[in-house]
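Read the structure below first, then the notes.
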Amino acid sequence: MEAVPRMPMIWLDLKEAGEFPFNSAVKKGAVNVSRDFEGCSTLRKYFGQLHYLQSRIPMGAEQEAAVPVAWTEIFSGKTVTHEDIKYEQAAILYNLGALHSMLGAMDKRVAEEGMKVSCTHFQCAAGAFTYLRDHFPHSYSVDMSHQILNLNINLMLGQAQECLLEKSMLDNRKSFLVARISAQVVDYYKEACRALENSETASLLGKIQKDWKKLVQMKIYYFAAVAHLHMGKQAEEQQKFGERVIYFQSALDKLNEAIKLAKGQPETVQEALRFTMDVIGGKYNSAKKDNDFIYHEAVPALDTLQSVKGAPLVKALPVNPTDPAVTGPDIFAKLVPMAAHEASSLYSEEKAKLLRDMMAKIEAKNEVLDQFMDSMQLDPDSVDNLDMYNHIPPVLMEKCAALSVRPDTVKNLVQSMQVLSGVFTDVEASLKEIRDLLEEDEAQERKLQELLGKAPAAQGSPPASPGLAEVSRECSKYLELHEKASFTNTELHKAMNLHIGNLRLLSGPLEQVRATLPSPSLTEDDKQVLQNLKRILAKVQEMRDQRMSLEQQLREMIQKDDITSSLVTTDRSEMKKLFEEQLKKYDQIKVYMEQNLAAQENVLKALTDANVKYAAVRKVLAEVEHKWNTTVQTLVASYEAYEDLMKKSQEGKDFYTDLEAKATKLLEKARAACEAAEATRQQLLEKELKKQPPPRPTAPKPALQKRPLELDPSAGPDPTEVPPLA
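Using UniProt numbering, read the sequence shown as starting at 1 and increasing by one per residue.
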């Protein structure tokens, strides 16, 4: 059947235009269009520009700028005039459908490409007539009445389906599919035939009604025969030989009816019928003979078999009067009516309301999330800080590197403190000697006073000698300075002892430094708990990031969403519908956002459970981290204290060196003063002894018998010798 000659198609004449005070060049180009695809494009552009015009200027029926529009009615040839720009649009749309029908019928449809092109033209024609029927009044003229437009739509869809049937047979599609496609052709043509049989439609069409009706009725029987032919083929494939016979017989009967109705039709129709008769007749005779002599299956009645349901695979291709790819740029773009601005403001408020509603939900969820995370005190960046224990921190590495180029750091510090200790000891010895000299002098002075019978001076009173008094004052001052410096020196040594070990550590191998730093010891279960917490925290962050991204996308979409150009070309009655359609573009992102917000409850519940298990691990990690930080800070503090220790050590050395020099001088001065004071005391003692009277003579006592040692006169005191003070 793929080689069957093609049936003729019905096409419509174009309407002729009268006067319309619009751009003459544009109007002329739209009326006298070429009978090709460029002509269709011209009509679409003109139709679109008219749509832009009528949306800006009140040129509709009974409006201020309405002008007369005249077009010739197809069937009667009369000129029909209306003061309504929509009449001009309707006529152009009718001509667009008619031109597509003409172009679809022109092709012979022998090649595959021709079938596709014709099918598309007929679908475009159906789309034009459908838009005309649904969006314009039916009272403009007879050829644009509701009945005529329905007839045209069904004719065009039937012919488009017929082209698809031809393509399916050419491609050797499955028999059942071809049968369903053919059955749908029959359904479309039956609808068209019902319209043609309507008395009102018949009166409107005139003579052309009979021609169309005969052709359509013939095609109904013809394509019904084709459908049953392919149902018979399917029965043959399924080895249902009785069904095959009845389907082929039915196909033959319907084809005979088509032949009866084909009288007076063109030769192409007769050729197609003869070709099909050869195919169906041959199929029927062969099937009947095989069943009678071989298979002997019962032949069922046709009405007992399931009817073939049509498969509508074509549709009316929609017309979009505002598609810039079709209409070209809007030549009235700068004319924006105040109503369009007002409508744009209303649409902006709808967008703002949408954003407010969404932001209220987002902020409520964010507040809950923030409060929850604050209460958890879980920082995703530090919850798992195990890696830091595997490395020496950079701040400590910096100190180790600095000490590595100064290998004598510890040695210098120790030597400095040793020197300081030596000077300190020397000063302390000098001051002690001075203090001892002063105390000795004071004791000698007290003995002298006792010998002289005078009341001794109070202990601790200044020496009588001016020189010694000055030495005492200087000594007291130096002792006070030494005592204060001694405390500082002690603290300095304590600090030295505290930091010297750390400095030795920092100067040593890095492995030793690393080993000194504490590190946690976790079980496998602890690590699993930690990993689970990290995973859920990552989910929380992912949820936050996605929420922020969706919010940003929504704001950008709303900011860029400007439908003013669409509002200009939309009737006020359609504004609400347009708003609803335009706001649908936000449905997808709203769904994503709602899913994100709804997921928060489950994520936080999982985080709560994970945090409970993490509590023990967290305590261990916190303790180790505290020890780690303390150790690092201590080591860093030791490094930073080095320069201060060296500075203070040098200051101490300078201080004690100066104090030592002063103490040495004072010691010499003290010695000299003490010697002078001693000499003075000896003089006073000698002088005092000279003032005493000589001793009175006494009679000798009887001598006792004594031992020789006792009679030694050398053992007696010499009355002329001065007793020592000490």
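We treat Cβ as the ideally placed atom computed from N, Cα and C, and that holds for glycine.
The structure displayed is predicted, hence computed values, not measured ones.
In the three-state scheme derived from DSSP, where H, G and I count as helix and E and B as strand, residue 228 is classed as helix. The straight-line gap separating the alpha-carbon atoms of residue 214 and residue 261 is approximately 7 Å. For the set 542, 130 and 441, the Cα lying nearest the Cα of residue 681 is the one of 441. Residue 126 is positioned such that its CB atom lies closer than 7 Å to that of residue 156. Put simply, of 527, 555 and 101 the residue whose alpha carbon is nearest the alpha carbon of residue 348 is 555. If you draw a straight line from the Cα of residue 301 to the Cα of residue 240, it comes to about 14 Å. In this structure residue 37 is exposed. Its beta-carbon is surrounded by fewer than 16 other beta-carbon atoms within 10 angstroms. By the criterion of a C-beta distance shorter than 7 Å, residue 39 is surrounded in its chain by 33 and 99, once the five residues flanking it on both sides are discounted. Straight-line spacing of the CA atoms in residue 548 and residue 307 works out to 58 Å. Here the alpha carbons of residue 275 and residue 54 stand approximately 54 Å from one another. Contact check for residue 314 and residue 123: beta-carbon distance about 6 Å, within the 8 Å limit, so the pair qualifies.
Counting along the chain, the unbroken alpha helix (DSSP H) around residue 258 starts and ends at 241 to 261. Segment contact: the region 220 to 230 against the region 183 to 192, three or more CB-CB distances shorter than 8 Å; contact assigned.
Runs of alpha helix (DSSP H) with 4 or more residues, each lying fully within the region 140 to 181, are found at 146 to 170, listed in chain order.
When DSSP reads this structure, residue 70 sits in a beta bridge with 81. The beta carbon of residue 599 sits closer than 7 Å to those of 543, all from its chain and outside the five residues before and after it, given in chain order. Assigned with DSSP and collapsed to three states, residue 17 falls in strand. Taking C-beta atoms as the reference points, residue 513 and residue 670 fail to come closer than 7 Å.
Excluding sequence positions up to five before and after residue 68, its CB lies within less than 6 Å of the CB of 81 and 83, all in the same chain and listed in chain order. Contact annotation: residue 352 and residue 7 have beta-carbon atoms that are not nearer than 7 Å. DSSP, reduced to helix, strand and coil, places residue 517 outside both helices and strands of the structure shown, so it counts as coil.
Contact between the region 616 to 624 and the region 519 to 537 is present: three or more C-beta pairs spanning the two stretches fall below 8 Å. In this structure, 227 is the residue among 151, 227, 129 and 328 with its C-alpha nearest to the C-alpha of residue 174. The residue among 203, 245, 71 and 298 with its C-alpha nearest the C-alpha of residue 287 is 245. In this chain, the alpha helix (DSSP H) harbouring residue 547 covers 524 to 560. Taking C-beta atoms as the reference points, residue 603 and residue 540 count as a pair closer than 7 Å. Contact between residue 468 and residue 438 holds, with the beta-carbon distance rounding to 7 Å and staying under 8 Å. The Cβ-Cβ distance between residue 115 and residue 166 falls below 7 Å. Nearest to residue 30 by alpha-carbon distance, out of 71, 552 and 63, is 71. Shown here for residue 254: same chain residues with a beta carbon closer than 8 Å to its own, the five before and five after excluded, namely 221, 222, 224, 225 and 228 in chain order. Distance from the Cα of residue 318 is smallest, within the candidate group 121, 110 and 508, for 121. Between residue 196 and residue 181 the beta-carbon gap is near 23 Å, outside 8 Å, which marks them as no contact. One alpha carbon belongs to residue 88, the other to residue 269, and they sit about 38 Å apart. Remark: C-beta atoms of residue 57 and residue 65 approach each other more closely than 7 Å. When the alpha-carbon of residue 532 is set against those of 573, 578 and 611, the nearest one is in 611.
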